[in-house]
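In this note's numbering, the protein residues as written are 10 to 268. All C-beta atoms, glycine included, are put in the ideal place defined by N, C-alpha and C.
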Amino acid sequence: MEIKSVNRSIIIDDMDKKIVHKTNSFYWDTAGNDFLKAIVLPFYGAFVSEEKHQLFGDVSGKKLLEVGCGNGQSLQYQAERNASELWAVDISERQIEKAAQHLNSLGVSAKLICSPMEEECGIPTDYFDYVYSIYAIGWTTDLEGTFCRISSYLKKDGVFIFSWSHPIHRCVTEDNGRFVFKKSYFDEDWYPVAVEGELLLADRKISTYVNALAKAGFVVEHMIEQTDDEIMQSRDNNSDMAKRAKMFPVTFVIKARKL
Ligand SMILES: C[S@@+](CC[C@H](N)C(=O)[O-])C[C@H]1O[C@@H](n2cnc3c(N)ncnc32)[C@H](O)[C@@H]1O
């Protein structure tokens, strides 16, 4: 698919949304996690963990929904913490299948729905104590609409936690041992990424996320940008990713509450 067929704008029309969904669901149905390794709880990203930040607190007896569940390992994490009900949505039939197989093999029950997160798909409203998403929210073609939907799924005072690639990380490249800007931080256009297959991606500013949360009726309670020192020390801290994570945020995590 050629990028010129996608309107290079942050507001994309229905036709472009279909192209993004078709391209990205094909990727997750085929290449999946062969190249992009799964990022699952307790990790929010390569260098940030729930074990350190304790954003969820005690989820026992709580109803949880995961947006973009991938292979289901984060659902397993929540089941092990005695969540009372687990639901998840993902655009990829293959990822939903993998999640179902994984959870069945562990005897964990979860309601899994194959749908784009942007669309109405039978998820109950005013129902969940937590909605969370680990490296999936950024794939939405409609950030404000998705946050409004997520808000509708939550009970009043319900918590929404998500992690995603930090937009600064997406802007910076290494050139002869120095980090340099390869694109503008303000550029939110969709573009193709070649990772053993093609994905379509848009990098949104942090303010775009914060303003979309406010519009959907959330208050931000906590935001994480820093790399966990403990993880850095326990890993190969000369890897390309570690070099980046020492200098600037590669992941951000937001915890917000529905007012
Ligand atoms: C990077 S994975 C995140 C899941 C898991 N944490 C992992 O790392 O494997 C992204 C997931 O989002 C799903 N996804 C992409 N676009 C989506 C959309 N518009 N609606 C729902 N799910 C989507 C993909 O199918 C994939 O399973």
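- Following the DSSP letters along the chain, one finds Leu208 inside the beta strand (DSSP E) bounded by residues Glu207 to Ala211.
- If you check the C-beta of Ser174 against ligand 1, you find no heavy atom less than 7 Å away.
- With a beta-carbon spacing of about 5 Å, Trp96 and Lys120 fall inside the 8 Å limit used to define contacts.
- With contacts defined as CB atoms closer than 8 Å, His178 and Val259 qualify as a contacting pair.
- Excluding sequence positions up to five before and after Ser142, its CB lies within less than 7 Å of the CB of Glu75, Val76, Gly77 and Phe171, all in the same chain and listed in chain order.
- Relative to ligand 1, Asp99 has its C-beta within less than 7 Å of a heavy atom.
- Within its own chain, the residues whose Cβ lies closer than 8 Å to the Cβ of Arg213, once the five positions on either side in sequence are excluded, are Ile19, Gly147, Leu152, Pro176 and Glu197, listed in chain order.
- Looking at Glu60, Glu129 and Ile100, the one whose alpha-carbon comes closest to that of Gln87 is Glu60.
- By a beta-carbon distance limit of 8 Å, Asn42 does not contact Asn91. Their separation comes to about 27 Å.
- The three-state reading of DSSP puts Met232 in strand, counting E and B together.
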